[in-house]
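In our numbering, the protein residues as written are 28 to 233. Below you'll find the structure, written out as structure tokens, and then a few comments.
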């Protein structure tokens, strides 16, 4: 089984059992993926927050380019290695960059410590492994929300942010590659793949 980089945080959670490496969270996620593949369906998760992240990703990239005076472009191309697969947002000579478009001024992490997220860190470690890069960045971006995504109940002042200087609207978290952690990742993914195969076998034999 090949797992997506975005799911690594769930798969790497620590088990409370002394005899079982895989956590309840990891097993639950693997079972969910197996059932979707077995029965041929997908859970479609949708929200205004996700919609903004998808629809305004280029706005975030443009903001980063303006602040850094760069010409980053959206990376296209999925990479697969053994049990892991992923497609990063921006790929440079030595760095993976993943953009996170915040919903509003109220939800945007203004300081790096406010944006710490273990799922995002695992995702970056997956990307560094896949793309063979020494560094990765998660960049939270605050851009004006498309009015079509807002309702009459939303406070427009929290969504219209173009008056704020660009360098004050990005928050960067940096990660360095760790080969020892990558070894743990690959060992865990092998166990996850074996658990997936076993669960699929149970479905087949039911």
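All residues carry an ideal CB built from backbone N, CA and C; glycine is no exception. As the structure is a computational prediction, the values presented were derived from the model and not from experiment.
* Beta-carbon contacts of residue 17 that lie in its chain and below 8 Å, excluding the five residues immediately before and after -> Lying outside 28 to 233, the shown extent of the chain, residue 17 is not represented and no answer is given.
* Asked: When DSSP labels each residue in this structure, what does residue 226 get in the three-state scheme?
  -> The answer is helix: DSSP assigns residue 226 an H, G or I state.
* Whose C-alpha, out of 187, 174, 82 and 206, is nearest the C-alpha of residue 155? -> When each option's Cα is compared against that of residue 155, the closest is 206.
* **Burial state of residue 30, where buried means 16 or more other Cβ atoms lie within 10 Å** => With at least 16 other beta carbons inside 10 angstroms of its own, residue 30 counts as buried.
* At what residue ranges does the segment 138-168 contain a whole run of the alpha helix (DSSP H), taking only runs of 4 or more? -> Runs of alpha helix (DSSP H) with 4 or more residues, each lying fully within the segment 138-168, are found at 145-158, listed in chain order.
* Who are the Cβ neighbours of residue 218 in its own chain at under 7 Å, not counting the five residues just before and after it? -> Closer than 7 Å at the Cβ level, and outside the excluded window around residue 218, lie 48 and 49.
* Sorted by chain position, which residues of the same chain lie with C-beta nearer than 6 Å to residue 209's C-beta, five sequence neighbours on each side aside? -> For residue 209, same chain residues with a beta-carbon under 6 Å away, outside a window of 5 residues either side, are 156 in chain order.
* Asked: Which of the three DSSP states, helix, strand or coil, is assigned to residue 51?
  -> The three-state reading of DSSP puts residue 51 in helix, counting H, G and I together.
* Candidates 225, 141, 110 and 204: which alpha carbon is nearest residue 166's? -> Nearest Cα to residue 166 within the set 225, 141, 110 and 204: 141.
* Collapsed DSSP secondary structure at residue 42 in the structure displayed -> It is coil, neither helix nor strand.
* Asked: Taking just the CA atoms, how far does residue 189 sit from residue 149?
  -> Near 32 Å, if we compare the C-alpha coordinates of residue 189 and residue 149.
* Asked: How about residue 57 and residue 226: do their beta carbons lie closer than 9 Å?
  -> Closer than 9 Å, so yes.
* Opening and closing residue of the alpha helix (DSSP H) in which residue 94 lies -> Here the alpha helix (DSSP H) through residue 94 covers 84-95.
* Residue range of the unbroken beta strand (DSSP E) whose run includes residue 201 -> Its beta strand (DSSP E) spans residues 197-203.
* To do: Please report the residue range of the beta strand (DSSP E) in which residue 106 lies.
  => Segment 106-108, the beta strand (DSSP E) holding residue 106.
* **Three-way DSSP call (helix, strand, coil) for residue 66 in this model** => Helix, per DSSP.
* **Residue range of the beta strand (DSSP E) that includes residue 124** => For residue 124, the enclosing beta strand (DSSP E) covers residues 122-128.
* Asked: My guess is that residue 172 and residue 131 are in contact by the Cβ rule of under 8 Å, so how many angstroms apart are they, rounded?
  -> The beta carbons of residue 172 and residue 131 sit about 7 Å from each other, so the pair counts as a contact at 8 Å.
* Could you pull out every residue in the same chain whose Cβ sits closer than 6 Å to the Cβ of residue 185, ignoring the five residues on either side in sequence? => Counting only residues of its own chain and dropping the five nearest sequence neighbours on each side, residue 185 has a CB closer than 6 Å to the CB of 131, 132 and 133.
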